[in-house]
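Going by our numbering, the sequence shown runs without a break in its numbering and finishes at 681.
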Amino acid sequence: MMKRINALTIAGTDPSGGAGIQADLKAFSALGAYGTSVITALVAQNTRGVQSVYQIEPAFVAAQLDSVLSDVRIDSVKIGMLANADIVQAVAERLRHYQPPFVVLDTVMLAKSGDPLLAPEAVASIRRELLPQVSLITPNLPEAAALLDCPPADNEQQMREQGRALLAMGCQAVLMKGGHLSEDESPDWLFSRGAEQRFSAPRIATRHTHGTGCTLSAALAALRPRYDDWPQTVRRRRIICSARCSRRTAWRSARASARCTIFMPGGEPTFSRCCGLKRSTPLLILEGRMTMTGMHKLRYTLLGALLAVSAGSFAQQVVTTADLVQQPGYQSSWQQMVKGQARLPAGRVKAAHFDAGGNGQLAGQQYQVGNICKPHDCGNNFLIVAFKADKSQAWGVRVEVEDRPEAVAHPKKYAKYQWLGKPDSNMQALLRQQFENSPDWQ
240 MMKRINALTI AGTDPSGGAG IQADLKAFSA LGAYGTSVIT ALVAQNTRGV QSVYQIEPAF
300 VAAQLDSVLS DVRIDSVKIG MLANADIVQA VAERLRHYQP PFVVLDTVML AKSGDPLLAP
360 EAVASIRREL LPQVSLITPN LPEAAALLDC PPADNEQQMR EQGRALLAMG CQAVLMKGGH
420 LSEDESPDWL FSRGAEQRFS APRIATRHTH GTGCTLSAAL AALRPRYDDW PQTVRRRRII
480 CSARCSRRTA WRSARASARC TIFMPGGEPT FSRCCGLKRS TPLLILEGRM TMTGMHKLRY
540 TLLGALLAVS AGSFAQQVVT TADLVQQPGY QSSWQQMVKG QARLPAGRVK AAHFDAGGNG
600 QLAGQQYQVG NICKPHDCGN NFLIVAFKAD KSQAWGVRVE VEDRPEAVAH PKKYAKYQWL
660 GKPDSNMQAL LRQQFENSPD WQ
């Protein structure tokens with residue numbers, strides 16, 4: 240299991256959930272990244288258009304950035320709606336200070352409906368303050384034309400010329416999106432230092448386009464830390480986003496373009512593949528602390544939330560910690576499992592993902608199987624625990640993967656295991672199943 244990617248989106252909101260911060264966070268989650276966010280504008284919008292915009296004070300945008308970047312290890316940043324020049328300046332200053340590894344800039348200027356989302360005077364600030372700092376920009380043809388102060392490209396040759404011109408402004412790479420071309424294909428062109436690459440795809444005849452730009456750039460931000468370069472990342476992103484937007488499972492609106500999302504139950508199981516879970520698998524999120532007292536007690540101090548992912552809806556139910564490991568059965572079986580394990584680490588265990596539905600099965604016996612790890616770094620060090628359905632016994636495996644590039648890229652080869660509760664070979668296989676089914680475990 241690879242190191243959990245922590246992604247940050249800096250953008251405006253969309254109460255309909257199809258674009259902006261809401262769409263970005265869905266894309267992050269669908270691709271296995273832990274999502275954080277900084278809001279630049281509160282936008283009253285839906286698939287019909289933008290009704291109102293409330294721009295956040297630049298100082299408060301900067302304060303949000305400090306809150307996230309000073310506390311969470313951010314692997315990748317996606318920037319969307321910035322609203323005005325002062326917010327552009329505030330974001331640029333914080334990026335210079337914190338230097339995140341990857342920054343994807345979605346040059347949001349107009350909503351899909353045509354409503355303006357960026358003050359005209361802010362375009363110059365983006366050119367001057369942001370372009371030299373970003374890893375990749377993802378303009379469509381009208382946005383590229385605005386950045387270059389020229390007419391939009393109407394063929395691929397002009398599109399390539401404008402892509403090269405944008406690259407010369409200082410960013411590391413440019414992904415020119417060809418959706419506005421009047422051709423049967425919808426080609427994208429990727430420009431980086433010394434390289435150009437065309438990505439072709441058939442044009443999808445669909446109304447499900449609200450939020451596609453947001454989802455695309457968020458997906459790139461979530462995927463880039465897992466791949467060697469931008470060509471690999473873009474290729475993987477196109478497979479996911481094209482598959483999702485070509486399906487008829489997108490949410491529909493009565494009078495406007497529908498919302499396209501890659502976090503849709505019943506659609507392409509991107510979330511399932513990234514997280515190694517079935518669509519029906521419930522997750523129990525717990526906050527707690529593992530201490531190294533004499534009895535190796537697991538102390539859970541905060542509330543948990545049950546997120547049931549079903550074929551038709553998402554449901555949340557708050558449960559108290561007493562409903563799980565504070566119960567006498569769970570507590571005694573846990574203590575028996577860790578008895579004598581001096582190598583268990585001290586310190587806080589920030590979160591536990593736990594299958595409260597007991598989907599683990601072995602020789603006809605049901606087990607509740609879960610993953611205990613830190614929420615911002617669930618990849619390298621985690622603990623898989625299986626409780627017998629009657630809570631009389633527990634087994635576990637602690638998995639460690641060193642935070643080295645070769646180990647993160649090939650965790651299966653470098654992983655070290657510590658077995659708890661003396662599981663037999665069948666139980667070991669059940670525990671391994673929880674992470675070895677993930678496509679990231681290779």
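Where is the CB? At the ideal position from N, CA and C, for every residue including glycine.
The model shown is predicted, which means the values in this text are computed figures rather than measured ones.
Span separating the alpha-carbon of residue i from that of residue j
i, j, result
"Asn-665", "Val-292", "57 Å"
"Pro-355", "Ala-250", "14 Å"
"Ser-255", "Asn-285", "5 Å"
"Arg-432", "Ser-571", "60 Å"
"Leu-369", "Val-327", "8 Å"
"Ser-268", "Val-362", "31 Å"
"Trp-428", "Leu-414", "6 Å"
"Val-373", "Gln-667", "45 Å"
"Lys-613", "Phe-621", "With a pLDDT of 47 at Lys-613, under the threshold of 50, the modelled position of this residue cannot be trusted, and the question is left open."
"Val-307", "Asp-314", "12 Å"
"Leu-357", "Ser-364", "11 Å"
"Arg-403", "Glu-424", "21 Å"
"Met-398", "Gly-259", "26 Å"
"Ala-266", "Leu-455", "8 Å"
"Ala-246", "Ala-272", "6 Å"
"Ala-457", "Ile-244", "13 Å"
"Val-636", "Trp-573", "13 Å"
"Val-330", "Val-300", "8 Å"
"Leu-537", "Gln-575", "Reliability fails at Leu-537, whose pLDDT of 32 lies under 50, so the model's placement of it is uncertain and no value is given."
"Pro-662", "Arg-643", "29 Å"
"Gln-580", "Ser-631", "19 Å"
"Leu-264", "Gln-657", "34 Å"
"Ala-497", "Arg-437", "With a pLDDT of 48 at Ala-497, under the threshold of 50, the predicted position of this residue should be treated as unreliable, and no value is reported."
"Gly-452", "Leu-420", "16 Å"
"Lys-317", "Asp-345", "7 Å"
"Asp-388", "Lys-416", "17 Å"
"Ala-392", "Arg-475", "26 Å"
"Ala-648", "Pro-390", "44 Å"
"Asn-215", "Ala-302", "Residue 215 lies beyond the residue range present for the chain, which begins at 240 and ends at 681; the question has no answer from this structure."
"Asp-629", "Asp-310", "40 Å"
"Gly-319", "Ser-439", "25 Å"
"Leu-349", "Gln-396", "24 Å"
"Glu-641", "Arg-333", "30 Å"
"Leu-304", "Gln-338", "12 Å"
"Ala-383", "Leu-270", "28 Å"
"Pro-521", "Ile-295", "Residue confidence for Pro-521 is low, a pLDDT of 31 falling below 50, so the modelled location carries little weight; the figure read from the coordinates is stated next. Distance between the alpha carbons of Pro-521 and Ile-295: 36 Å."
Candidates the options, of which the one nearest residue i by Cα
i, options, result
"Phe-626", "Ala-250, Leu-670, Pro-254", "Leu-670"
"Ala-385", "Gln-396, Pro-371, Cys-453, Glu-360", "Glu-360"
"Thr-279", "Gly-271, Ala-324, Arg-287", "Ala-324"
"Trp-634", "Tyr-569, Leu-429, Val-640", "Tyr-569"
"Gly-274", "Gln-294, Pro-297, Arg-312", "Arg-312"
"Gln-672", "Asp-393, Lys-651, Val-330", "Lys-651"
"Glu-624", "Val-577, Leu-270, Ala-654, Arg-643", "Here residue 624 is Val; the residue named in the question, Glu, does not match the sequence. Selected option, being the one with the closest Cα: Val-577."
"Val-347", "Leu-321, Phe-341, Glu-400", "Leu-321"
"Glu-639", "Asp-629, Ala-646, Lys-655, Glu-645", "Lys-655"
"Arg-342", "Thr-248, Gln-657, Gly-452, Leu-659", "Note that residue 342 is Val in the sequence shown here, rather than Arg. Comparing Cα-Cα distances from Val-342 to each of Thr-248, Gln-657, Gly-452, Leu-659, the minimum goes to Thr-248."
"Pro-297", "Gly-288, Gly-660, Val-277, Asp-310", "Val-277"
"Glu-645", "Glu-675, Gly-660, Trp-680, Leu-659", "Trp-680"
Residue interval of the alpha helix (DSSP H) (run including residue i)
i, result
"Leu-670", "664 to 675"
"Gly-452", "451 to 462"
"Gln-261", "259 to 269"
"Glu-332", "324 to 337"
Spatial neighbours of residue i in its chain, beta-carbon cut-off 6 Å, leaving aside the 5 residues before and after
i, result
"Gln-261", "Asp-253"
"Ala-412", "Leu-375, Ser-431, Trp-469"
"Leu-281", "Thr-252, Tyr-293"
"Thr-377", "Asp-345, Leu-414, Ser-456"
Endpoints, the beta strand (DSSP E) within which residue i is located
i, result
"Gln-303", "Taken as a continuous stretch (DSSP letters only), Gln-303 belongs to no beta strand (DSSP E), being part of the alpha helix (DSSP H) at 297 to 308."
"Ala-361", "Premise fails: Ala-361 lies in the alpha helix (DSSP H), 361 to 364, not in any beta strand (DSSP E)."
"Tyr-656", "655 to 659"
"Ile-313", "Counting along the chain, Ile-313 falls outside any beta strand (DSSP E), and DSSP gives it neither H nor E."
"Glu-435", "434 to 438"
"Gln-294", "288 to 294"
"Arg-637", "633 to 639"
"Thr-252", "Careful: Thr-252 lies outside any beta strand (DSSP E) and carries neither H nor E."
"Val-277", "272 to 285"
Residues of its chain near residue i, where Cβ-Cβ distance is below 7 Å and the 5 sequence neighbours each way are ignored
i, result
"Thr-204", "Because residue 204 is not part of the residues shown, which for the chain are 240 to 681, the question remains open."
"Leu-290", "The sequence shown places Gln at residue 290, rather than the Leu named in the question. The answer, listed in chain order, is Ala-283, Gln-284."
"Arg-366", "Leu-386, Met-408"
"Gly-418", "Asn-379, Ser-425"
Residues near residue i in its chain [Cβ-Cβ closer than 8 Å; skip 5 each side]
i, result
"Pro-371", "Met-408, Gly-409, Cys-410"
"Pro-381", "Met-348, Leu-349, Pro-391, His-419"
Proximity test, Cβ basis, 7 Å: residue i and chain C
i, result
"Val-289", "This model lacks chain C altogether, as it is built from one protein chain only."
**OP:** List in chain order: all unbroken beta strand (DSSP E) runs of 3+ residues lying wholly within the segment 371 to 416.
**Re:** Look at the segment 371 to 416 and you find these whole runs of beta strand (DSSP E), each 3 residues long or longer: 412 to 416.
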